[in-house]
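Enquirer:
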Amino acid sequence: MLALMVFAGACSTQGNVFSLGVGQCFAGMVTVEEEVSEVSTVDCVEPHINEIYALPLLPDGDFPLVFVDDDSADLCLAAFESYVGIAYEYSIYDIGWLRPSQETWDKLDDREVVCYLYDLNGETKTGTARSSGR
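Laid out in structure tokens, this is it:
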């Protein structure tokens, strides 16, 4: 999984990236320098940065890094509108994803991509983006 730089949040708990669900929020900024195994989940009514909106699976096969990144982006873009209620191009949100690492792909048969959205301006938000049309 991709790296995460965690910010303390009210009522946050550690959530294993293998047990996250659609509609969960987490209070952190994602970076790509290291792998991450946990994120600080918060209730979406609390201030947060990211909201998970899809958990698609990558197809089986070898782990070519460029295809995993491209395929992850494609899967997350395809799932955006049905969650938010507006096309990605017109939304106030940008997207990111946590994708399998070479190690989790090979050792754990990990194919799940964690698609999350966040405010284009990088601001924290409260509430959910689900069906917001924003």
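For the sequence shown, position 4 (counting from the first letter as 1) is numbered 162 according to my numbering, and the numbering increases by one without interruption.
Glycine included, C-beta positions come from ideal geometry on N, C-alpha and C.
1) State buried or exposed for Arg257, treating a residue as buried only when at least 16 other CB atoms are found within 10 Å of its CB.
2) Going by DSSP in three states, Glu204 sits in which element: helix, strand or coil?
3) Are Thr284 and Val203 closer than 8 Å when you measure CB to CB?
4) Quick one: is Tyr248 buried, meaning 16 or more other Cβ sit within 10 Å of its Cβ, or exposed?
5) Among the residues of its own chain, which have a CB less than 6 Å from the CB of Gly291, if the five just before and after it don't count?
6) Name the two residues that bound the continuous beta strand (DSSP E) containing Val272.
Expert: A quick look at the data gives this:
1) Translated into the one-based positions of the sequence shown, residue 257 becomes position 99. Buried, since its Cβ has 16 or more Cβ neighbours within 10 Å.
2) For the purposes of this step, residue 204 is taken as the residue at position 46 of the sequence shown. Correct three-state label for Glu204: coil.
3) For the purposes of this step, residue 284 is identified with residue 126 of the sequence shown, where counting begins at 1. For the purposes of this step, residue 203 is identified with residue 45 of the sequence shown, where counting begins at 1. It is a contact, given that the beta carbons lie within the stated cut-off.
4) For the purposes of this step, residue 248 is taken as the residue at position 90 of the sequence shown. Of the other Cβ atoms in all chains shown, fewer than 16 fall within 10 Å of the Cβ of Tyr248; this residue is therefore exposed.
5) What you label residue 291 is simply residue 133 of the sequence shown in a count that begins at 1. Contacts found: Gly243 and Ile244.
6) As a first step, residue 272 is located in the sequence shown; it is residue number 114 there, counting from the start. Per DSSP, Val272 belongs to the beta strand (DSSP E) from Val272 to Asp277.
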